[in-house]
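A.B. asks: My questions all concern the structure below.
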Amino acid sequence: MKYVAVRDHLADLIDTQLSVGDAIPSERDLADQFGVSRMTVRRAIDSLVADAVLARRQGSGTYVAQPKMDVQARMTSFTEEMRQRGMIPGSRLIRAEQLLATPDVAAWLGISIHDRVHFVHRVRLADGVPMAVEKTWVAVDSAPTLISHGVPESMYQALADAGMVPTWGEDTIESATADETIASLLHVPTGAPLLAIARRTYANDRAVSYSRSWYRGDRYKLWVPISSPGRTFYPPRRQGGAR
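In full-length UniProt numbering, the protein residues as written are 1 to 243.
Now the structure itself:
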């Protein structure tokens, strides 16, 4: 099919010559180069836009999109994930304090209502760019001095240092849209798509933290390994392939 040749040509340009934010050749130039209609060119571009490889800007053109990062179903902290990707993790603290557990928080952590919890609300950054808004609750009994000397960059490491080594967890993942507050924190439009993840983390059989995170939908995708019944196999994430 003719549009496949155009798509493959654009994919090769993106891989070998163009950088994030660069404009691709115009539809007219591509149509002339391949001797096809602009409708055929548009179909090739549409398929790359659908794959989040390209992004259209109204009245401006089509540009190479920022590749999405995986949100992986495994027990690693945001800090560790960013370092593994060669990026510099960071945070912008919004709020950190001790609170009395609400009924919901008490249920999440398996503690009594009005037990004390650490609460941390922050924006997570990668190379200085806002990536996610995160709220975390940790029972004070699990890590009494968690925020006594400032908020730790990695909650998992801080819990391990307190003798509560995270061993497993459970995620609930949903689609969401950015309200005005989250949109402002993430520098995205109100109503922008988000990946919302609620995670309860355990040290053996004890729930030690509960978090709710809202990841930018334009920068993240979910990657989950699967295996046949009766097997548990988590392969390393392969590089390359579809962006």
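By construction, the Cβ of each residue, glycine as well, lies at the ideal position given by its N, Cα and C atoms.
1) Which class does Leu-93 belong to by DSSP, given the choice of helix, strand or coil?
2) Please confirm if Ala-192 has its CB atom under 8 Å from at least one CB of chain B.
3) Contact between the segment 167 to 176 and the segment 191 to 203: three or more CB pairs below 8 Å?
4) Provide the residue span of the beta strand (DSSP E) that contains Ser-209, from first to last.
5) Tell me whether Thr-62 is buried or exposed, calling it buried when 16 or more other Cβ atoms sit within 10 Å of its Cβ.
6) For Pro-193, report the span of its beta strand (DSSP E) as first-last.
7) Using the rule of at least 16 other Cβ atoms within 10 Å of the residue's Cβ for burial, across every protein chain shown, is Ile-88 buried or exposed?
8) Could you pull out every unbroken beta strand (DSSP E) segment of at least 3 residues lying fully inside the segment 151 to 188, listed in chain order?
9) For a test of the three-state rule: what should DSSP assign to Pro-131, helix, strand or coil?
10) Excluding five sequence neighbours on each side, which residues of the same chain lie with their C-beta closer than 8 Å to the C-beta of Val-41?
C.D. replies: Put simply:
1) strand
2) Annotation note: the requested chain B is absent from the structure, which comprises a single protein chain.
3) yes
4) 206 to 216
5) buried
6) 193 to 203
7) exposed
8) 168 to 177
9) The amino acid occupying residue 131 in the given sequence is Met; Pro does not appear at that position. Strand at Met-131.
10) Tyr-3, Val-6, Glu-27, Leu-30, Ala-31, Phe-34
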